Amino acid sequence: MNLKPVRTRFAPSPTGRMHIGNARSALYPFLLARRTGGTFILRIEDTDQKRYSPTAEAELIEGLGWLGIHHDEGPDIGGPFGPYRQSERRAIYHEYAWKLVDLGHAFPCFCTPARLEKVRQEQMKNKQNPRYDGTCRGLELGEARRRVDAGEKYVIRFRMPKEGSITATDLLRGEIVTDNSALDDSVLLKSDGLPTYHLAAMLDDHLMEITHVIRGSEWLPSMPLHVHIIRAFGWDEPEFVHLSVFLKPSGKGKLSKRDTDQAMKDGYSIFLGDMQDLGYTPEGVLNWIALMGWGVPEDDLLTLDDMIARFDIHHLTPSPAAINFAKLDHFNGAHIRSFRTEDLAARLKPYFLRENLAVDDATLLKIVPLIRERLVTLDDCLPFAAWFFRETVEPKPEELVAKGLTASQSADAARKSLEVLAGLPEITPQTAEPPMRALVERLSLSPNQVFGILRVAVTGQTVSPPLFESMEIVGKEKVLERVTRAIVMLEKM
RNA sequence: GCCCCCAUCGUCUAGUGGACCAGGACGCAGCCCUUUCAAGGCUAAAACUGGAGUUCGAAUCUCCAUGGGGGCACCA
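Following the working numbering, the residues of the first sequence are numbered contiguously, the last one being 475.
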């Protein structure tokens, strides 16, 4: 792999919520930049004032920060190639668009949207390809300038050659040859003075000295146009890499609103903003999205640093990938298991606080090792451990009855257990487990039965962290109190 | 309608003409461990879309078909 420092960029348009597709489009260029000791840039492509969403940019930056994908230059931190927000680069686009006119590669166009729409309808009706009909293409430049100066509304279109073909190269797919006759006189500068993506992105990538353009495959069909624009200026084009799209879990089609709604019902989401609430970690999410479209040999449990060390653009795959939430869960759980106790405790704490539980750090630190390997998402700490932070537990009477025993038999087992536990100086796995096992033996019952009764009595639930470890944390006094109460409940049944 | 891209287990993928009766991971099933739930260990089932060609030899190269995806805006 060529390790010359690259300059890459993530160039989202702030129009909606940040999702895993965006995240991956940021991840790969980031990895390439870090891998080569290069530079990763954030550029905001806000040239569509109709679709602009003021909260989107903040969400984008927040999402990147959460994942640990930090940019070296961007609208929030500046840099030598700014501004990094396209709406602030108006003058540049204007200048270069007219430069292209002067070079003969573009022309001003005065056609009204209404007329163009009519032409398009006509063409569709005649089963022709919808495209610009060339009305202003032959306009004399002096005349065109006069009309512009007179204040007439205009756009600037690229003057696409009528003949010949163009060869564009995608790093993952190789050379793609396109007949120019299949290409259109696309608009470069809109009548509001702002550029279209085609002009803005090519210009900025050149001006910001981007060496590798890594973007979604929805841009593949317009790559020939982009290469035309770049060459019209006399520049060399960067390396292009078009990432495959994410498909819905079934693999049939891309994700729709309906699919994302369904995912949310199942406790999943593709939006970064939701994923944190759902208990996903940046490590898990990153690992998940990184491996959709990147074939990493051997171990696939990767941290960001692992990814940087192994990233190779040639191992990206061009085919679409169906998302698989089960795999997200796997990676999330695996990363959680790898966290140090203090780290995991700190990450879990907000989820307890969210439920208004009185978490104290010392207790939390003791709980973490007990629940660590049981967590798939961070908020799974609640069903396992929320009860530790409540004054009392509320066992269901029927759950106190052990399998295969009656209520009074269960009460009896509980009474005998209470005697054993009460006789201990303190309850720890070391002190309590041997005598309790001996008791089980003496009663000719199974550990499952007796420990089950105690589990429900002490934790209030049938599923919990290991029993004796939990008892140690809760403390002898509360354990005896709760077992006593359970006996009363059983006797009343 | 036209243009472009893609195609290996259910899913993500390894594989760049012989080392492939196709490897890994997730999921699924079974077993082991086990006080619940997990985690962990072991085992199993599971794929080269189809057809022509090139070649001594093809998952790998070519063509066609099929399927899937994307695009054809004064949106990105």
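Beta carbons are placed, not taken as given, at the ideal position from N, Cα and C, and that holds for glycine.
Note that the structure is predicted; figures quoted are calculated from it, not measured.
Whose CA, out of Leu427, Trp270 and Pro300, lies closest to the CA of Arg155? Pro300
Glu200, buried or exposed, once every other Cβ within 10 Å from all chains shown has been counted against 16: exposed
Tell me whether the beta-carbon of Thr18 lies closer than 8 Å to the beta-carbon of Lys(-14). Yes; because the gap between Cβ atoms is below 8 Å, this pair is in contact.
Let's see if you can read the secondary structure: which residues bound the alpha helix (DSSP H) around His297? From DSSP, His297 is part of no alpha helix (DSSP H); its letter is neither H nor E.
When DSSP labels each residue in this structure, what does Val375 get in the three-state scheme? coil
Using the beta-carbon count (16 or more within 10 Å), is Val470 buried or exposed? exposed
With H, G and I counted as helix, E and B as strand and the rest as coil, what does DSSP make of Val341? coil
For Ala132, which of helix, strand or coil comes out of DSSP? Ala132 carries a coil assignment under DSSP once its states are collapsed to helix, strand and coil.
Between the CA atoms of Met418 and Leu472 - distance to the nearest angstrom: 20 Å
Under the DSSP definition of a beta bridge, which residues are partnered with Trp276? The partner list for Trp276 (beta bridge, DSSP) reads Leu298.
Quick check: the Cα distance between Ala214 and Phe313, rounded to an integer number of angstroms? 47 Å
Beta-carbon contacts of Val479 that lie in its chain and below 6 Å, excluding the five residues immediately before and after: With the chain represented from -17 up to 475, any question about residue 479 goes unanswered, as that position is not in the structure.
Assign Ser399 to one of two classes, buried (16 or more other C-beta atoms within 10 Å of its C-beta) or exposed (fewer than that). So Ser399 ends up on the buried side.
Using a Cβ-Cβ cutoff of less than 7 Å, which residues in the same chain neighbour Val159 once the five nearest sequence positions on both sides are dropped? Ser147 and Thr149
Checking the sheet assignment: what are the DSSP bridge partners for Glu55? In DSSP, Glu55 forms a bridge with Ile23.
Reference Arg(-11), options Asn4, Phe222 and Ala368, closest by Cα: Phe222
Using the DSSP secondary-structure output, state which residues sit across from Leu229 in a beta bridge. Looking at the DSSP assignment, Leu229 forms a beta bridge with Lys236 and Ala304.
DSSP-derived helix/strand/coil call for Phe321: coil
Label His1 either buried or exposed according to how many other C-beta atoms from any shown protein chain fall within 10 Å of its C-beta, with 16 as the threshold for buried. buried
Mapping DSSP to helix, strand and coil, what is Ser163? helix
Per DSSP, the bridge partner or partners of Asp152: Gly156 and Phe222
At the level of alpha carbons, what is the spacing between Met257 and Leu357? 15 Å
My assumption, with CB atoms under 8 Å, is that Ala404 sits in contact with Ile435. Please give the rounded CB distance. In fact, because the Cβ distance is near 16 Å, the residues do not count as touching under 8 Å.
Please state whether the Cβ-Cβ distance between Pro90 and Ala126 is less than 8 Å. yes
With the cut-off set at 8 Å, would you say Pro220 and Leu165 are in Cβ contact? no
Nonlocal neighbours in the same chain, by C-beta distance under 8 Å from Val83, ignoring five residues either side: Here Val83 has Phe89, Pro90, Leu123 and Ile138 as same chain residues with Cβ atoms under 8 Å from its own Cβ, once five neighbours each way along the sequence are excluded.
Going by the beta-carbon positions, is the gap between Thr359 and Leu284 smaller than 8 Å? Annotated as distal: Thr359 and Leu284, with beta-carbon spacing of 8 Å or more.
What span of residues does the beta strand (DSSP E) with Thr441 cover, start to end? No beta strand (DSSP E) holds Thr441; the alpha helix (DSSP H) holding it covers Pro429 to Thr441.
Unbroken beta strand (DSSP E) run spanning Ile487, endpoints: The requested residue 487 does not occur in the structure, where the chain is confined to residues -17 to 475.
Three-state secondary structure (DSSP) of Val209: helix
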